[in-house]
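Per numbering that gives the first Met the number 0, the sequence shown starts with residue 0, numbered consecutively. This report concerns only the one structure given below.
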Amino acid sequence: MAVLVTGAAGFIGSYVSHRLLDRGEAVVGVDDLNDYYDPRLKDARLARLAPREGFSFEKLDIADRAGMERLFAGHGFDRVVHLAAQAGVRYSITNPHAYVHSNIAGFQNVLEGCRHARTKHLVYASSSSVYGGNAKLPFSVSDAVDHPLSLYAASKKANELFAHTYSHLFGLPTTALRFFTVYGPWGRPDMALFTFTRNILAGKPIDVFNNGRHRRDFTYIDDIVEGVIRTLDRPAAPDPAFDPMRPDPGTSSAPWRVYNIGNAQPVELLDYIAAIERATGRKAVMNMLPLQPGDVPDTMADVGALERDTGYRPSTPVEIGVERFVRWYREYHGV
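Below, the structure written as structure tokens:
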């Protein structure tokens, strides 16, 4: 049976689709191709997937309940990789309804589809943003995540809670992957690497928030995809050691798991910018600004659980990943 990949025209979704096709899987991709960022980039990603044997695509909003019911009824899907979502921490502050529409209502439709199709494993995108106000580093899946700082983060925590309920009530195996600052070729234009590279090459200033005193666990796209595939191949199962008297937030007596997926080596934002300067051969003009609402100063992933259970180990240094992105950016935009 085909694997369903939602958000297949997105950054991570397109890479995951290619990887599944590379190993002979049939993939049904779903995306609504909205204009949160330039749809031409989504179209270009989709154009690379469309000719591939085993790939089919349906333009569909995951919040369309009837459309999602038809999709699952027509295919079944014993495995689902759910990556479609309204992204962006800052955008969620001014457009909260978009997050309820896609990240809550849309996710509910995915869960219902998986429930009735008796899907064997649902892997879905969560986010490092769920750690919110936590200050202890590295962030561990065993940490409580009760203090989100943005509506985006709250919607992702809600996904984990909804999924747990379905795992408990219906035995649906679900695994959440908390992504840490994904970057690489074909990345989103609203991400820092894209905007920094664009402005540096154009000789324009870049906005550097928190006066550059950020540390981020930048994770290269190939490492992310490796973690997604390894997780997909290992359906979540109940934790036999789960103790309801001392519950671990990262496991459950239900077939539900949550993993961090990051590089586990945080990089200072100013060092990240320096890597972009070296890759572009140009100096950045930096506009230093205070911390943005909804942002956290530092992120760092404890990937021990994912490494233990799947053998995942990130392998791409930031210097190499940034250079690959800049090379792609120049080719794609003809700079």
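Idealized CB from N, CA, C, for every residue including glycine. Computed from a predicted model, the values in this text were never measured in an experiment.
Would you kindly work out how many angstroms separate the C-alpha atoms of residue i and residue j, rounded to a whole number?
i	j	result
Asp-142	Gly-249	8 Å
Ala-1	Tyr-258	25 Å
Leu-200	Arg-281	7 Å
Glu-318	Ala-278	8 Å
Arg-47	Glu-330	15 Å
Tyr-35	Ala-240	43 Å
Arg-307	Phe-178	17 Å
Glu-267	Met-244	39 Å
Gly-105	Ala-304	28 Å
Arg-69	Ala-236	28 Å
Pro-147	Phe-169	28 Å
Glu-225	Leu-192	21 Å
Leu-136	Arg-212	16 Å
Arg-256	Gly-202	45 Å
Gly-310	Asp-221	15 Å
Pro-4	Gly-131	For the sequence presented, residue 4 should be read as Val rather than Pro. For Val-4 and Gly-131, the distance between alpha carbons rounds to 28 Å.
Arg-197	Glu-24	36 Å
Val-321	Arg-114	40 Å
Leu-231	Asp-37	30 Å
His-17	His-332	22 Å
Thr-93	Glu-57	29 Å
Asn-210	Thr-194	17 Å
Gln-85	Trp-327	25 Å
Arg-323	Ala-49	24 Å
Asp-247	Glu-159	14 Å
Rounded C-beta distance between residue i and residue j? I'm assuming under 8 Å.
i	j	result
Leu-59	Gly-66	5 Å
Asn-262	Pro-296	About 17 Å; that fails the 8 Å criterion.
Asp-206	Asn-286	5 Å
Gly-228	Ile-11	Here the sequence assigns Ile to residue 228, which means Gly is not the residue at that position. Not confirmed; about 12 Å, so no contact.
Thr-164	Leu-121	That belief does not hold up - the Cβ atoms of Thr-164 and Leu-121 are roughly 13 Å apart, past 8 Å.
Val-302	Ile-272	Contact doesn't hold; Cβ gap of about 25 Å is too wide.
Val-80	Val-181	Their Cβ separation, rounded to whole angstroms, is 14 Å, which puts Val-80 and Val-181 out of contact at 8 Å.
Ser-125	Pro-254	Their Cβ separation, rounded to whole angstroms, is 17 Å, which puts Ser-125 and Pro-254 out of contact at 8 Å.
Val-284	Pro-204	4 Å
Leu-171	Thr-118	7 Å
Arg-64	Asn-108	5 Å
Which partner residues of residue i appear in the DSSP bridge assignment?
i	result
Tyr-98	None; Tyr-98 has no bridge partner.
Val-181	Thr-218
Val-29	Thr-5 and Glu-57
Trp-255	Thr-173
Leu-121	Val-79 and Thr-173
Val-266	Arg-215
Ile-260	Phe-178
Phe-138	Ala-300
Ile-205	Met-285
Ile-126	The amino acid occupying residue 126 in the given sequence is Ser; Ile does not appear at that position. Per DSSP, Phe-178.
Is the distance from the Cβ of residue i to the Cβ of residue j below 8 Å?
i	j	result
Tyr-219	Gly-186	no
Pro-265	Arg-215	yes
Ile-275	Val-334	no
Ser-127	Ala-300	yes
Ser-91	Ser-149	yes
Ala-116	Phe-161	no
Val-29	Ala-43	no
Tyr-98	Ser-154	yes
Val-26	Leu-32	no
Tyr-123	Ala-175	yes
Gly-9	Leu-110	no
Phe-208	Asp-270	no
Asp-238	Ser-251	yes
Arg-89	Gln-291	yes
Thr-315	Phe-138	no
Ala-134	Ser-101	no
Gly-87	Tyr-151	yes
- Continuous beta strand (DSSP E) assignments of at least 3 residues falling wholly in the region 279-319: 285-287
- Item | Ranges of the beta strand (DSSP E) found wholly within the region 142-172, counting only runs of at least 3 | Complete beta strand (DSSP E) runs here, min 3: none at all.
- Let me know the beta strand (DSSP E) ranges lying completely inside the region 219-245, each 3 residues or longer, listed in chain order. As far as the region 219-245 is concerned, it has no whole beta strand (DSSP E) run of at least 3 residues.
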